[in-house]
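Quick note, the sequence shown lines up with residues 520 to 588 if you use the numbering used here.
Every residue gets a Cβ at the ideal spot worked out from N, C-alpha and C, and that includes glycine.
Nothing here was measured: the structure is a model prediction, and the numbers come from that model.
Inspection log for the structure reproduced underneath, given as structure tokens.
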Amino acid sequence: MIEPKRRGARRDLYNHLDPDSRLQKIGYDYLADESGAVLEAIPAGRDYFPAHTDDGGLWMADVSAGRRG
520 MIEPKRRGAR RDLYNHLDPD SRLQKIGYDY LADESGAVLE AIPAGRDYFP AHTDDGGLWM
580 ADVSAGRRG
């Protein structure tokens, strides 16, 4: 996932779905943790294909909205 907001949303969704970390004991916070990350430019010839275009939406459940009956 390229955008930090998408990684954070995925972390939040997984934490919401598995709040007691029963499915993954280490939890899901690492999904949005950038500490220690080493990033570098993608060299010419190794571009994404097709090119990545952010759609501006998160295309996933908004767990902050709560559940409606």
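Burial state of residue 539 is exposed, judged by a 10 Å Cβ sphere holding fewer than 16 other Cβ atoms. Residue environment: residue 531 is assigned as buried (16 or more neighbouring CB atoms within 10 Å of its CB, all protein chains considered).
By the Cβ-count criterion, residue 560 is exposed, with fewer than 16 other Cβ atoms from all chains shown falling within 10 Å of its own Cβ. Per DSSP, the continuous alpha helix (DSSP H) segment holding residue 535 begins and ends at 523 to 536.
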